Amino acid sequence: MRDVRAKAGEDPITMLTAYDAPTASVIDDAGIDAILVGDSMGNAVLGHDSTLPVTVDEMASRTAAVARGTEKALVIADMPFLSVGTSREASVENAGRMLKEADADAVKIESGPHTVELTEHLVRLGIPVMAHLGLTPQRVNELGGYTRQGTDEESAKEIIDLAHAHEDAGAFSLVLEHVPSNLAARVTEELSIPTIGIGAGPEVDGQVLVYNDVVGLSERAPPFAEQFGDVRGEIERAVAGYRDAVESGEYPAEEHSHHAEELEDLY
Ligand code: KIV
Ligand code: NA
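As numbered in numbering that gives the first Met the number 0, residues 0 to 266 make up the sequence shown, in order.
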């Protein structure tokens with residue numbers, strides 16, 4: 000947390016999602032500042048078509064794996080749909096599991112008017128909270144789609160007010176998703192905690208993207224994402240190579256096999 004806070008105003012903060020230990024290890028070695036175990040795992044690794052079905056158990060398991068694969072980066076567990084914000088006891092229990100059981104450094108909560116007090120309560124208990132405003136995909140059914148938020152004066156004002164409210168409640172950072180760049184710039188200027196943008200333009204303190212979109216592993220990426228690699232293509236080549244080598248008899252070869260002389264007289 001201290002690193003993420005201290006970095007605001009210097010180099011942009013880098014954050015990426017990860018959902019397993021080997022991926023986290025690669026991301027960590029690359030010097031990414033923070034790893035978010037996003038509930039985007041619903042789409043990215045669990046085969047769902049939204050984030051809503053992701054469970055607290057799944058999040059705890061994946062966060063623990065990411066934490067085991069990470070040495071330096073901050074590990075942040077995303078709180079899945081309805082795991083916080085219902086009753087205070089359930090919220091504390093579920094968020095607490097991410098630190099006690101899964102070794103996360105912090106949790107992220109899709110924020111709204113209903114999470115201000117909760118954020119304050121969790122922070123007081125010792126659970127660092129990253130807030131998240133703008134497009135909050137857990138509300139897709141209410142929003143009617145994954146559309147840009149804060150595009151009119153009233154909704155922009157609401158985002159600015161909620162950003163302040165969550166900073167005041169003790170959030171250590173704020174994700175701004177799919178909002179106009181000038182709104183994100185305004186929030187960044189007004190807050191003292193670092194803002195991390197996704198589809199929010201360059202005038203924020205850091206950027207986050209979904210790992211699968213960045214490496215080219217997604218079926219469908221949002222318009223604001225940029226693909227920096229072709230991992231799907233690499234996997235296709237490797238799998239096809241394996242299939243062909245087995246079918247042609249090239250694999251396994253001499254060097255992959257062991258002939259035990261001792262067994263010559265077995266039958
Ligand atoms: O679940 C996720 O990956 C996220 C980021 C896109 C901010 O919430
Ligand atoms: Na999320």
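Idealized CB from N, CA, C, for every residue including glycine.
This structure is a prediction, so every number in the text was calculated from the model and none was measured.
Item: Classify histidine 113 as buried or exposed, calling it buried when 16 or more other Cβ atoms lie within 10 Å of its own Cβ.; Value: exposed
Item: With three or more C-beta pairs closer than 8 Å as the rule, is the stretch 183-191 touching the stretch 138-148?; Value: no
Item: Return yes when the C-beta of glycine 37 is under 6 Å from any heavy atom of ligand 2, and no when it is not.; Value: yes
Item: Quick one: what does DSSP say alanine 72 is sitting in, helix, strand or coil?; Value: coil
Item: Going straight from the alpha carbon of glutamate 176 to that of alanine 162, what length do you get?; Value: 12 Å
Item: Under three-state DSSP, which class holds histidine 113?; Value: helix
Item: Would asparagine 93 be called buried (16 or more neighbouring beta carbons within 10 Å of its own) or exposed?; Value: buried
Item: Check whether the Cβ of threonine 16 sits closer than 6 Å to any heavy atom of ligand 1, and report yes or no.; Value: yes
Item: Cβ atoms of threonine 118 and valine 128: under 7 Å apart, would you say?; Value: yes
Item: So, with DSSP's three-state summary, where would you put alanine 105?; Value: strand
Item: Is the CB-CB distance between alanine 199 and histidine 165 below 7 Å?; Value: no
Item: Helix, strand or coil for alanine 66 per DSSP?; Value: helix
Item: Would you check whether ligand 2 has a heavy atom nearer than 6 Å to the C-beta of leucine 27?; Value: Here the sequence assigns aspartate to residue 27, which means leucine is not the residue at that position. Aspartate 27: no, Cβ never under 6 Å from ligand 2.
Item: Let me check you understand the geometry: is the CB of isoleucine 197 closer than 6 Å to at least one non-hydrogen atom of ligand 1?; Value: yes
Item: Within the continuous beta strand (DSSP E) that includes isoleucine 34, where are the two ends?; Value: 33-36
Item: Secondary structure at aspartate 77, three-state DSSP: helix, strand or coil?; Value: strand
Item: By Cβ distance, which residues of its chain are closer than 6 Å to tyrosine 210, with the 5 residues on each side in sequence left out?; Value: Leu15, Thr16 and Ala17
Item: Please indicate yes or no: does the CB of aspartate 19 lie closer than 6 Å to some heavy atom of ligand 1?; Value: no
Item: DSSP puts histidine 131 in a beta bridge; with which residues?; Value: Glu109 and Val174
Item: Which same chain residues, not among the five before or five after valine 122, have their C-beta less than 6 Å away from its C-beta?; Value: Val128 and Gly169
Item: In the DSSP assignment, find the unbroken beta strand (DSSP E) run with threonine 16 in it and report its ends.; Value: 12-16
Item: How is threonine 85 classed by DSSP in three states: helix, strand or coil?; Value: coil
Item: Below 7 Å CB to CB, which residues in the same chain sit around glutamate 202 once its five sequence neighbours on both sides are set aside?; Value: Ser180, Ala183, Ala184 and Thr187
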